[in-house]
Amino acid sequence: MAGVNKVILLGRLGKDPDVRTLESGSKLATVSLATGKSYKDQSGEWQEKTEWHRLTFWRDNADRAERLRKGDQVYVEGELTTRSWEQDNITRYVTEIVVNYSQIIERNSNNNGGGVPPITEEPVTQTKQTKSPAPELSGSGNPEDDLPF
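First residue of the sequence shown: 2, per my numbering; consecutive thereafter.
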């Protein structure tokens, strides 16, 4: 039976994206996105809760992610992935959203005049490809397992 793995988030970027080109030539961008909600606690006081999400952009999406800036409000769609690697004989895990569509909803007002032209995002259709060996992130030593290409 087929399943559904779709994540939709609307939030603000915590920093400018980190964009790299891997040895394979593939472009990779990562950035953190904050989402928040308000709720009343048991005493009736309003509380704020912020969740941080790690976003990963590949190839053409990474090119588009280069134009994102800290504080921008961004809408993203993607799928949830978890990968693992060995570091110092300890298995490490990270859960992230592999973004396949993004749109800037609002630019951070502090970024105006920074030489970044306004952009309109267009959906990038992911094509089915056979899995190839996971590339190594340069400098991190973390293999990318089960990549979406």
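Cβ coordinates follow ideal geometry from the N, Cα and C atoms, glycine included.
With DSSP as the reference, identify every bridge partner of residue i, one or two as the case may be.
{"i": "D33", "result": "According to the sequence provided, residue 33 is Ser. The question's Asp does not apply to it. In DSSP, S33 forms a bridge with R55."}
{"i": "I106", "result": "According to DSSP, which records beta bridges pairwise, I106 is partnered with nothing at all."}
{"i": "V5", "result": "Per DSSP, none; premise fails for V5."}
{"i": "R93", "result": "W86"}
{"i": "G72", "result": "According to DSSP, which records beta bridges pairwise, G72 is partnered with nothing at all."}
{"i": "Q43", "result": "Looking at the DSSP assignment, Q43 forms no beta bridge with any residue, so it has no partner."}
{"i": "D19", "result": "T31"}
{"i": "G26", "result": "G26 pairs with nothing; no bridge assigned."}
{"i": "E67", "result": "According to DSSP, which records beta bridges pairwise, E67 is partnered with nothing at all."}
{"i": "R60", "result": "Bridge partners of R60: none, in fact."}
Contact defined as beta carbons within less than 8 Å: I believe residue i pairs with residue j. What is the distance between those atoms, to the nearest angstrom?
{"i": "D19", "j": "T31", "result": "5 Å"}
{"i": "K50", "j": "G37", "result": "6 Å"}
Judging by CA-CA distance, which residue of the options is the nearest neighbour of residue i?
{"i": "G4", "options": "I98, S103, E80, S110", "result": "E80"}
{"i": "H54", "options": "Q43, G45, Y76", "result": "Y76"}
{"i": "L56", "options": "S39, A35, R108, R68", "result": "A35"}
{"i": "T22", "options": "E67, T92, E46", "result": "E67"}
{"i": "I105", "options": "I91, D89, G72", "result": "G72"}
{"i": "T96", "options": "I9, Q88, T82", "result": "T82"}
{"i": "V8", "options": "E24, Q88, E78, F58", "result": "E78"}
{"i": "Q74", "options": "G15, S25, E107", "result": "E107"}
{"i": "N111", "options": "D89, G26, Q88, R70", "result": "R70"}
{"i": "S58", "options": "Q48, S33, N109", "result": "Note that residue 58 is Phe in the sequence shown, not Ser. The shortest Cα separation from F58 among Q48, S33, N109 belongs to S33."}
{"i": "L11", "options": "E52, E87, R84", "result": "E52"}
{"i": "N109", "options": "E24, L14, N6", "result": "L14"}
Give a yes or no on contact between the region 97-107 and the region 55-75, applying the rule of three or more CB pairs nearer than 8 Å. The region 97-107 and the region 55-75 touch, with no fewer than 3 CB-CB distances between them shorter than 8 Å.
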